[in-house]
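Enquirer:
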Amino acid sequence: MDTKAPSMLLPALIAGGSLGFVSGIPISNCACCLWAAGAGFLAAFLYSKTCKKAGADFDTGRGGVIGLLTGAVFGVVGGGVNSVFSLITGGLDVESMREAIDANPMITDPEAAAQAVELFESVGPMVFILGFALIWIVLGVIFSALGGLIGGSVFKVEAPPTVADGGWSSNPPPMASGGGEPPPPPVSPGESPREE
Amino acid sequence: MNPTDSSDRFWLAVLTFVAGLFCAVLVGIPVAEHRGLIAASWVRFGLSPACHQITDRCLDLGAGPLPVCARCAGLYAGGFVGLLVTLVSGRRFQPPLRWLVVAATPSILDFVLGSTNLPTLANWPRFVAALFPGLVAGLMLADAVCRMAAPNRSAPAEDHVE
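So the sequence lines, in the order shown, correspond to chains A and B. So for the first sequence, numbering that gives the first Met the number 0 puts the first residue at 0; every next one is plus one. So for the second sequence, numbering that gives the first Met the number 0 puts the first residue at 0; every next one is plus one.
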């Protein structure tokens, strides 16, 4: 069944790209971890649909893998979009950075604030952008993988049994609880099936 | 509610430990900053892509605002509790997706109200509201980890009627 497994790239690109773009916009930068986890979950959902069509397995492990892939896309797109917005709004020159740090009440340690400005001046905005994008990718991969794991568990797909060498697969799928009925008994010629 | 086995519990314990460590770091950052540890401010900065970090919306446990908002803190704490409950009880809870939707409804409503400039929950009620979706997500994650740890065993065991 592994040979029939469809590519994970398209669901990862769709889910990671779209939600990464949304999370990168400064006004929607709220609960970004949920955007990332949602991207992994959405990618798992999309991939499960593809697997169902292709007759391939989709389980929790694959959900985690597609979550990782989606998180990488999410991080690159989200970090990129956020950096572009920072460049457009002029938030990456030293004075703007200093003002932002001074105005941020969350930065409680003045020595840390001074260090941040000093670092920003020494390395330049591009290194800062890359560092920030790297953090974005790491966080995106972690949370998206978790979302993908949950998605793989929720949208699990089991491939139908295959006929190989004239017989059924040695690993048939389990019968659904309560939902499936046993196959009808064989009917010999001339005998009408019993009606209930 | 299928019981977990030893291989499940190992990976579950690892994940629970990491989640607990993460929560401890969130609580520890303001304390460390208060004691003059500069590295804590860098960790706070590193978490900025994960949350808006608006000070008014962050819980303050005495040493300063947490590095994530009350809603995010509730989600993380709930997730940790969900993993811990599964690990300690040795039972796999398998909440359906609709539980997550129901549990998230108060937080979603609060978010919508906040987006439309209507009155919203204060920080602690917001934290409590986010605990529930976090808890359900934690239970779902624990179940997913158990499935991944022993995929061949878990699938027939949960679907067959004994």
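Ideal Cβ positions, reconstructed from N, Cα and C, are used throughout, including at glycine.
Which residues in the same chain as A:V64 place their Cβ atom closer than 8 Å to its Cβ, once the five residues preceding and following it in sequence are excluded?
Expert: On the first sequence, position 65 is the one that residue 64 of chain A refers to. Within the same chain, A:V64 has close Cβ partners M7, G147.
Enquirer: List the residues of chain B whose Cβ lies closer than 7 Å to the Cβ of A:A227, in chain order.
Expert: The requested residue 227 of chain A does not occur in the structure, where chain A is confined to residues 0 to 195.
Enquirer: Have a look at B:C50 and A:P160 and give me their C-alpha separation to the nearest angstrom.
Expert: On the second sequence, residue 50 of chain B is found 51 positions in, with the first residue counted as 1. On the first sequence, residue 160 of chain A is found 161 positions in, with the first residue counted as 1. Using only the alpha carbons, I get a separation of about 46 Å.
Enquirer: Return no unless some Cβ of chain B is closer than 9 Å to the Cβ of A:V116.
Expert: Within the first sequence, residue 116 of chain A is the residue found at index 117, counting from 1. Output row for A:V116: interface = no.
Enquirer: Whose C-alpha, out of B:T54, B:I37, B:V84, is nearest the C-alpha of B:G19?
Expert: Taking the first residue of the second sequence as position 1, residue 19 of chain B is located at position 20. The candidate whose alpha carbon is nearest that of B:G19 is B:V84.
Enquirer: Can you tell me where the alpha helix (DSSP H) with B:H209 in it begins and where it stops?
Expert: In the structure displayed, chain B extends from 0 to 161; residue 209 of chain B sits before or after that span and is not available.
Enquirer: Let's test the definition: count the other Cβ atoms within 10 Å of the Cβ of B:W123 and tell me whether it reaches 16, buried, or not, exposed.
Expert: Stepping through the second sequence from its first residue, residue 123 of chain B is reached at position 124. Classification for B:W123: exposed.
Enquirer: With A:A158 and A:G54 assumed to form a contact (beta carbons below 8 Å), what rounded beta-carbon distance in angstroms separates them?
Expert: For the purposes of this step, residue 158 of chain A is identified with residue 159 of the first sequence, where counting begins at 1. For the purposes of this step, residue 54 of chain A is identified with residue 55 of the first sequence, where counting begins at 1. Confirmed, Cβ separation roughly 5 Å.
Enquirer: I need the DSSP call for A:F57, collapsed to helix, strand or coil.
Expert: By one-based count along the first sequence, residue 57 of chain A stands at place 58. Strand at A:F57.
Enquirer: Classify B:P48 as helix, strand or coil using the three-state DSSP reduction.
Expert: Stepping through the second sequence from its first residue, residue 48 of chain B is reached at position 49. Correct three-state label for B:P48: helix.
Enquirer: Mind reading off the beta-carbon distance from B:G89 to B:L138? Whole number of angstroms is fine, and I expect it under 8 Å.
Expert: The count along the second sequence starts at 1 and reaches residue 89 of chain B at position 90. The count along the second sequence starts at 1 and reaches residue 138 of chain B at position 139. Not really, about 14 Å apart at Cβ, beyond 8 Å.
Enquirer: Should A:T59 be flagged as near chain B, meaning a C-beta pair shorter than 9 Å?
Expert: Position 60 of the first sequence, counting from 1, holds the residue named residue 59 of chain A. Answer yes: the Cβ-Cβ gap between A:T59 and chain B drops below 9 Å somewhere.
Enquirer: Which residues in chain B sit within 7 Å of A:S152, going by Cβ to Cβ distance?
Expert: Numbered from 1 along the first sequence, position 153 holds the residue referred to as residue 152 of chain A. The contacting residues are M139, D142, A143, R146.
Enquirer: Less than 9 Å between the beta carbons of B:F9 and B:A102, yes or no?
Expert: Your numbering for residue 9 of chain B matches position 10 in the second sequence. Your numbering for residue 102 of chain B matches position 103 in the second sequence. Contact flag unset, no.
Enquirer: Between the region 62–93 of chain A and chain B, which residues of the former have a C-beta closer than 8 Å to a C-beta of the latter?
Expert: Those residues of the region 62–93 of chain A that come within reach of chain B (Cβ to Cβ, closer than 8 Å) are G62, G63, G77, G78, N81.
Enquirer: With a threshold of 9 Å between beta carbons, is B:C22 in contact with chain A?
Expert: Position 23 of the second sequence, counting from 1, holds the residue named residue 22 of chain B. False, the Cβ-Cβ gap to chain A never drops below 9 Å.
Enquirer: Do three or more CB pairs link the region 117–129 of chain A to the region 40–56 of chain A at distances below 8 Å?
Expert: Contact fails: fewer than three Cβ-Cβ distances are below 8 Å.
Enquirer: Excluding the 5 residues flanking B:E157 on each side, which residues of the same chain have their C-beta closer than 7 Å to its C-beta?
Expert: To locate residue 157 of chain B, count along the second sequence from 1; it is residue 158. Confidence at B:E157 is low in this model, with a pLDDT of 45, below 50, so its placement is unreliable and no value can be given for it.
Enquirer: Do three or more CB pairs link the region 148–157 of chain A to the region 73–82 of chain A at distances below 8 Å?
Expert: Cβ pair count under 8 Å is below three, so no.
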